[in-house]
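A.B. asks:
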Amino acid sequence: MKIVLPVAGNGVRLRPYTENLPKCLLPVAGKTIIDWIVDDALFLKPSETIFITGYKAPVVDEFLKQKPEWGAVRTVVQSNPQGLGEAISLSLPYVNDDEPLLIILGDTLFEADLSILSKASENILYTFKVEDPKRFGVAVTDADGRIERLVEKPQEFVSDEAIVGIYYIKDVKALKEALNYLMQNDIRTKGEFQLTDALERMIQGGCKFRTAPVQKWLDCGLVETLLSTNAHILKRNAESVPQFEGSEIIEPCHIGKNAVIKNSKVGPNVSVGDNCVIENAEISNAILWDGVKVANQKLAGTVVHE
20 MKIVLPVAGN GVRLRPYTEN LPKCLLPVAG KTIIDWIVDD ALFLKPSETI
70 FITGYKAPVV DEFLKQKPEW GAVRTVVQSN PQGLGEAISL SLPYVNDDEP
120 LLIILGDTLF EADLSILSKA SENILYTFKV EDPKRFGVAV TDADGRIERL
170 VEKPQEFVSD EAIVGIYYIK DVKALKEALN YLMQNDIRTK GEFQLTDALE
220 RMIQGGCKFR TAPVQKWLDC GLVETLLSTN AHILKRNAES VPQFEGSEII
270 EPCHIGKNAV IKNSKVGPNV SVGDNCVIEN AEISNAILWD GVKVANQKLA
320 GTVVHE
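To convert, take the position in the sequence shown, counting from 1, and add 19; that gives our numbering.
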């Protein structure tokens with residue numbers, strides 16, 4: 020199996036935090052977004068993990084040099100982004116037709132059972148039941164859970180199973196043919212080559228797809244949702260945090276290496292990066308990047324970078 024992670028986006032809605040970092044490298048609950056995604060999938064033992072980069076591509080390259088434990092990695096630059104379909108097509112020259120492909124969008128976190136993929140015999144799209152399907156692409160399934168068609172942002176109810184960004188493809192050759200057909204014939208949706216259009220073409224061509232559930236869909240696209248995701252992961256992965264004389268640490272929290280905390284109240288739901296200094300402060304529901312200094316302040320519901 021190979022894993023493909025598209026991480027080319029520029030994270031406009033998260034500026035100014037993404038002015039110097041791509042969205043996938045933003046910290047949440049003590050690790051970067053991409054750390055959480057890759058670490059959760061490593062047990063599948065991919066032969067290679069391919070990152071589709073674009074915005075701040077050299078920063079991702081440098082980050083990956085610090086990750087030998089991730090095994091074989093490759094970056095492919097999407098220099099002129101024309102949609103997710105085009106992004107995935109850039110990885111396909113490095114994927115054999117007989118090697119399954121797992122695509123995970125590199126800017127959203129999930130809680131899902133990926134272990135089923137080790138024995139999967141057909142293509143799988145992970146979905147999440149939503150209250151307002153009009154905002155999403157959805158999968159229409161039969162009684163056995165097989166996907167009959169995909170519908171983008173249906174204005175009338177056809178399904179509440181939103182496609183969330185985890186795609187397991189067994190029929191790699193068919194995916195290559197479908198994406199190639201879209202691009203050769205300049206078939207776009209909203210001006211872009213869409214992966215969903217290629218998947219729909221595969222389904223209509225006879226490829227078998229079924230759904231698998233996502234238990235949690237953790238958005239990281241806005242500051243408020245990033246903070247909500249941070250709080251959820253801290254609670255889920257409750258860790259023992261150090262105590263600091265004269266200060267109060269209210270769990271759940273993550274305290275990074277070499278942090279200094281004096282005469283302060285920190286928590287709940289706070290991620291403190293490495294080498295941070297906090298003095299005479301009160302901080303809750305916040306993310307502090309590495310090296311941040313906070314003194315004589317009261318902070319809540321915010322992300323603090325250098």
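Ideal Cβ placement from N, Cα and C applies to all residues, glycine included. Keep in mind the model is a prediction, meaning the values are calculated, not measured.
Return the CA-CA distance between residue 184 and residue 121, expressed in angstroms with no decimal places.
C.D. replies: Distance between the alpha carbons of residue 184 and residue 121 is about 10 Å.
A.B. asks: Take the Cβ of residue 31 as the centre, count every other Cβ of all protein chains shown within 10 Å, and call the residue buried at 16 or more, exposed below.
C.D. replies: It counts as exposed.
A.B. asks: Look at residue 202 and residue 105 and say whether their C-beta atoms are less than 8 Å apart.
C.D. replies: Contact: yes.
A.B. asks: What distance in whole Å lies between the Cβ atoms of residue 48 and residue 252, which are believed to be in contact at a cut-off of 8 Å?
C.D. replies: With a Cβ gap of about 4 Å, residue 252 and residue 48 count as contacting.
A.B. asks: Around the C-beta of residue 74, are 16 or more other C-beta atoms found within 10 angstroms, so that it is buried, or is it exposed?
C.D. replies: Buried: at least 16 other Cβ atoms inside 10 Å.
A.B. asks: When you compare only the Cα positions, how much space is there between residue 36 and residue 232?
C.D. replies: Each residue's alpha carbon lies about 32 Å from the other.
A.B. asks: Ordered along the chain, which non-local residues of its own chain (more than five positions away) have a Cβ less than 7 Å from that of residue 173?
C.D. replies: Hits under 7 Å: 152, 153 and 157.
A.B. asks: Give the single residue among 81, 69, 114 and 102 whose Cα lies nearest to the Cα of residue 95.
C.D. replies: Minimum Cα distance to residue 95 is reached at 69.
A.B. asks: Could you check if residue 194 is buried or exposed, using at least 16 other CB atoms within 10 Å of its CB as the buried criterion?
C.D. replies: Buried: at least 16 other Cβ atoms inside 10 Å.
A.B. asks: Going by CA-CA distance only, name the one from 269, 53, 143 and 82 that's closest to residue 302.
C.D. replies: Ranking 269, 53, 143 and 82 by Cα distance to residue 302 puts 269 first.
A.B. asks: For residue 262, count the other beta carbons within 10 Å of its own beta carbon; 16 or more makes it buried, fewer makes it exposed. Which is it?
C.D. replies: Exposed is the call here.
A.B. asks: Using a threshold of 8 Å, state whether the C-beta atoms of residue 129 and residue 209 are closer than that.
C.D. replies: Not in contact: residue 129 and residue 209 (Cβ atoms no closer than 8 Å).
A.B. asks: Taking only runs that begin and end inside the stretch 89–137, name each unbroken alpha helix (DSSP H) of 4 or more residues, in chain order.
C.D. replies: DSSP runs (the alpha helix (DSSP H)) wholly in the stretch 89–137: 103–110.
A.B. asks: Run through DSSP, which three-state label would residue 252 get?
C.D. replies: Residue state, collapsed to three classes: helix.
A.B. asks: So what does DSSP say about residue 236, is it helix, strand or coil?
C.D. replies: Three-state DSSP puts residue 236 in a strand.
A.B. asks: Assuming contact is defined by CB atoms lying nearer than 8 Å, are residue 131 and residue 189 in contact in what I supplied?
C.D. replies: No. Outside cutoff.
A.B. asks: Measuring straight from C-alpha to C-alpha, what distance separates residue 38 and residue 163?
C.D. replies: So the alpha carbons of these two residues sit roughly 46 Å apart.
A.B. asks: Please determine, among 246, 274, 316 and 21, the residue with the shortest C-alpha to C-alpha distance to residue 119.
C.D. replies: Selected option, being the one with the closest Cα: 21.
A.B. asks: So what's residue 227 in DSSP terms, helix, strand or just coil?
C.D. replies: Here residue 227 sits in coil by DSSP.
A.B. asks: Determine the DSSP secondary structure at residue 195, reduced to helix, strand or coil.
C.D. replies: Residue 195: helix per DSSP, three-state reduction.
A.B. asks: Name, in chain order, the residues that DSSP records as bridge partners for residue 25.
C.D. replies: Answer by DSSP bridge pairing, in chain order: 71.
A.B. asks: Excluding five sequence neighbours on each side, which residues of the same chain lie with their C-beta closer than 8 Å to the C-beta of residue 293?
C.D. replies: Excluding residues within five positions, the ones whose Cβ falls inside 8 Å are 275, 276, 277, 278, 309 and 310.
A.B. asks: Contact between the stretch 239–253 and the stretch 41–56: three or more CB pairs below 8 Å?
C.D. replies: Enough Cβ pairs lie closer than 8 Å, so yes.
A.B. asks: Thinking just about the alpha-carbon of each residue, which of 288, 219, 291 and 50 is nearest to the one in residue 142?
C.D. replies: With distances taken between Cα atoms, residue 142 lies closest to 219.
A.B. asks: Tell me the DSSP secondary structure of residue 165 in three-state form.
C.D. replies: Strand.
A.B. asks: Report the rounded CA-to-CA distance for residue 56 versus residue 102, giving the unit in angstroms.
C.D. replies: Rounded to the nearest angstrom, the two C-alpha atoms are 21 Å apart.
A.B. asks: Give me the Cα-Cα distance between residue 123 and residue 282, rounded to the nearest whole angstrom.
C.D. replies: Using only the alpha carbons, I get a separation of about 43 Å.
A.B. asks: Identify the residues that DSSP records as bridge partners of residue 273: which are they?
C.D. replies: 290.
A.B. asks: For residue 281, name the three-state secondary structure that DSSP assigns.
C.D. replies: Residue 281: strand per DSSP, three-state reduction.
A.B. asks: Mark residue 197 as exposed unless 16 or more other C-beta atoms lie within 10 angstroms of its C-beta, in which case mark it buried.
C.D. replies: Buried, because 16 or more other Cβ atoms sit within 10 Å of the Cβ of residue 197.
A.B. asks: Does DSSP classify residue 186 as helix, strand or coil?
C.D. replies: If DSSP states are grouped into helix, strand and coil, residue 186 belongs with the strands.
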